[in-house]
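In our numbering, the protein residues as written are 522 to 629.
Structure representation (C-alpha cells):
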C-alpha cells in the first residue's frame, strides 16, 4: 500500500470513529434506499435525503460521508463512476463531487 493510500485510510478511520453512529447508520440506510431507486447518486443526494427524513439527526464531522460511501461501495451497493458534477450544497460552494453508480437499482 502506498503512503498516500495509508494516510487517507487512517484519516477516514479516525473520522468514522468520531462520527455520530446513529447518523452513520441513517446515512447508510439513505444511501441503500437511493441506490435501489436510482441508477446514479451523489453525496448531495444522501445529504438531502438525510435532511428530509432525519432533520434532527446530525454529525459534527461532515467528512463522515466519506466513510458512508466507502461502506456502500464495500457492500456492493454502489461503484464509483468517472463522472463529477458541481455540488448543490451551499457549504460545498459548487465543488466537484463524484457521481456513483448503483449496483442494486430496482428494474423498471
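Backbone N, C-alpha and C define an ideal beta-carbon position, used for all residues, glycine too.
Distance from residue 548 to residue 571 at the Cβ level is roughly 6 Å; contact confirmed, criterion being Cβ atoms closer than 8 Å.
DSSP, read as helix, strand or coil, puts residue 594 in helix. For residue 599, the enclosing beta strand (DSSP E) starts and ends at 599-607. Here residue 612 is exposed, its C-beta having fewer than 16 other C-beta atoms within 10 Å. Here residue 615 is exposed, its C-beta having fewer than 16 other C-beta atoms within 10 Å.
Here the C-alpha atom of residue 620 lies approximately 18 Å from the C-alpha atom of residue 627.
Shown here, residue 625 sits in coil according to DSSP, grouped into three states, outside any helix or strand.
The DSSP-derived three-state label of residue 562 is strand. With a cut-off of 8 Å on Cβ pairs, the segment 531-548 is in contact with the segment 562-581, counting three or more such pairs. DSSP, reduced to helix, strand and coil, places residue 619 within a strand of the structure shown.
Counting the other Cβ atoms within 10 Å of the Cβ of residue 606 gives fewer than 16, which makes it exposed.
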